[in-house]
């Protein structure tokens with residue numbers, strides 16, 4: 457008797473999102489199967505790996521976190537180029553200096569830097585503002601205007617500030633990151649509201665990524681459920697790709713800061729887990745964990 | 004369905020203040036309003052009733068009885084307050100509630116027998132709320148058997164499956180409907196009740212009504228005997244009286260999986276269909292469930 461593999465077909469499909477412009481552009485999403493179920497359907501695009509760049513020199517990094525970026529840590533443009541050399545598919549620029557409780561750098565200055573970085577690299581750019589609900593409106597709308605047409609992926613957009621940022625992103629041709637606090641119901645609520653004025657094909661979900669040992673199972677469950685609901689149950693308000701912004705989270709943990717090998721493993725295990733849960737973009741800090749993830753991803757496709 | 008008016012609740016600030024000041028007016032108004040709205044019982048929810056339990060409970064029961072002939076559902080976790088309340092009731096009261104918890108078996112069930120009351124028995128156990136249908140059944144079979152041994156007849160027992168908020172656990176919300184449907188076979192003769200508004204706890208205030216109403220109809224279809232509910236919601240009372248048959252029919256058809264042409268429905272009808280789907284666990288809940 458012939459063996460027939462018990463394959464499933466699903467009713468839903470993750471939206472395909474294009475980030476960047478022209479030949480630089482990259483695609484994520486588009487799959488009609490659960491994460492890494494290559495045997496069941498079509499995985500249109502492989503997951504993307506980003507390395508992070510800070511707009512001001514990070515003060516709290518360990519010696520081994522700094523080592524691969526020696527000489528560029530105070531120069532975001534050079535740092536971004538270095539990330540590409542180190543194998544990143546794209547760069548994630550963090551505008552930490554705009555935080556009103558820190559340096560409170562003006563939106564103009566931040567936007568000018570984003571323009572410099574995106575012009576200097578031949579890859580798409582992710583931009584995370586500081587996470588201050590009010591200031592992020594100012595910063596991200598400015599970034600959207602100054603980089604009009606560059607098709608950045610900008611965020612975070614949260615329940616309290618999504619409207620003006622989404623409008624600026626739409627007017628200037630960018631994609632957005634919809635962020636919710638580790639809660640599937642709040643994630644859906646934000647998506648529903650955003651979708652009233654914003655196209656599904658320009659949204660990436662950030663359900664928040666916690667590091668191994670610090671609540672990673674919550675992030676895992678929510679990413680997994682997002683894919684179940686979008687792909688298996690066909691809920692089109694949950695069919696956007698997911699970004700796992702985990703490098704910084706892992707880097708904060710006591711275990712990652714204790715020694716180099718443990719730090720590398722901490723980030724890699726967190727990344728691998730969230731990849732299995734359904735992340736379409738992984739934001740990493742360490743080039744070595746990027747290499748490991750690349751082997752995993754390319755080994756499969 | 005028998006409706007037990009929920010408005011006299013110690014968590015409500017008005018009620019709490021009125022009790023502290025022994026201000027009868029607030030209590031009288033709520034009792035009158037709920038009686039006029041069509042309640043069958045008045046629930047008197049005292050919570051743990053830590054301070055002067057006997058005196059407070061008797062004062063409340065007597066106050067309510069000044070303006071209504073309706074029987075009272077004495078709703079407290081404190082057996083001392085419970086006994087005082089039951090004693091003061093003129094009409095046969097509802098003891099609300101006993102459960103599978105050890106303290107409840109020891110202190111509440113004997114009171115139901117002693118005062119010959121109707122008694123709510125919930126599926127709660129010492130471990131909390133049972134996580135699925137099977138463990139709900141296990142819990143209730145055991146507690147009802149114990150009640151029967153004490154001489155309480157099934158006809159006097161109102162089983163409460165414990166309703167959780169849809170914003171917290173959609174699976175349990177759906178399973179409670181199933182559970183209610185199984186009761187007649189499991190425990191012939193028992194009645195049932197739910198804390199209906201719990202389903203919408205955590206949902207924005209202005210959206211709670213449609214969840215409560217839709218869930219009432221869904222549970223009613225499966226044989227729910229009574230509900231502790233917001234009887235001041237006139238649409239809820241009208242639905243219960245059978246005055247809105249079109250909405251009830253729409254809810255039933257959606258429960259049965261019929262694919263409806265949403266375009267042909269009014270906004271209100273669409274909202275009921277969307278709400279059934281959320282309560283059945285077919286679509287993921289969010290506070291914006293009516294908007295997509």
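Protein chains in written order, with the numbering used here: chain B, 457 to 757; chain E, 4 to 295.
Where a beta carbon is used, it is the ideal one built from N, C-alpha and C, also for glycine.
In the three-state scheme derived from DSSP, where H, G and I count as helix and E and B as strand, residue 25 (chain E) is classed as coil. Taking C-alpha positions only, residue 278 (chain E) is separated from residue 711 (chain B) by approximately 46 Å. Counting only the Cα atoms, residue 132 (chain E) lies some 18 Å from residue 185 (chain E).
Residue 635 (chain B) is bridged by DSSP to B:662. The DSSP-derived three-state label of residue 110 (chain E) is helix.
Within the same chain, and ignoring the five residues on either side of residue 105 (chain E) in sequence, the residues whose Cβ sits closer than 8 Å to its Cβ are 129. DSSP places residue 79 (chain E) in the uninterrupted beta strand (DSSP E) bounded by 75-79.
Residue 542 (chain B) and residue 673 (chain B) have their C-alpha atoms spaced approximately 29 Å apart. Collapsing the DSSP output to three states places residue 266 (chain E) in a helix. DSSP lists E:8 and E:75 as the bridge partner or partners of residue 45 (chain E). In this structure the region 511-526 of chain B does not touch the region 614-624 of chain B; the number of beta carbon pairs closer than 8 Å is below three.
Against residue 286 (chain E), the close residues of chain B are 691, in the order they occur along the chain (beta-carbon pairs closer than 7 Å). DSSP places residue 39 (chain E) in the helix class (H, G or I) of the three-state scheme. Under the 8 Å criterion on CB atoms, residue 294 (chain E) is classed as interfacial with respect to chain B.
Under the Cβ distance rule, residue 170 (chain E) counts among the residues neighbouring chain B, one pair being separated by less than 8 Å. A distance of 8 Å or more separates the beta carbons of residue 650 (chain B) and residue 667 (chain B).
In terms of Cβ geometry, residue 254 (chain E) and residue 217 (chain E) form a close pair [threshold 8 Å]. Straight through space, the alpha carbons of residue 168 (chain E) and residue 251 (chain E) are spaced by roughly 22 Å. Within its own chain, the residues whose Cβ lies closer than 8 Å to the Cβ of residue 654 (chain B), once the five positions on either side in sequence are excluded, are 622, 625, 626 and 632, listed in chain order. Residue 743 (chain B) places its beta carbon less than 8 Å from that of residue 507 (chain B). Chain-ordered, the chain E residues with CB closer than 9 Å to the CB of residue 694 (chain B) read 287. Per DSSP, residue 575 (chain B) is one residue of the alpha helix (DSSP H) stretching across 563-576. For residue 290 (chain E), the nearest beta carbon of chain B is closer than 8 Å to its own beta carbon.
Interface flag for residue 640 (chain B) against chain E is set, since a Cβ pair is found closer than 8 Å. Assignment of residue 614 (chain B) by DSSP, reduced to helix, strand and coil, places it in the coil class. In the structure shown, residue 726 (chain B) adopts helical secondary structure according to DSSP, grouped into three states.
Annotation: residue 479 (chain B) is outside any alpha helix (DSSP H) and is labelled neither H nor E by DSSP.
Close CB contacts of residue 522 (chain B) within its chain, under the 7 Å cut and outside five residues either way in sequence, are with 529 (chain order). In the DSSP assignment, residue 712 (chain B) falls within the unbroken alpha helix (DSSP H) covering 710-714. If you draw a 10 Å sphere on the C-beta of residue 25 (chain E), you find fewer than 16 other C-beta atoms in it, and that means exposed.
The secondary-structure analysis by DSSP pairs residue 739 (chain B) across a beta bridge with B:506 and B:701. Chain order gives the chain E residues near residue 645 (chain B) as 289, 290 and 291, where near means a beta carbon separation below 8 Å. The beta-carbon distance between residue 97 (chain E) and residue 66 (chain E), rounded to whole angstroms, is 18 Å. This is too long to meet the 8 Å contact definition.
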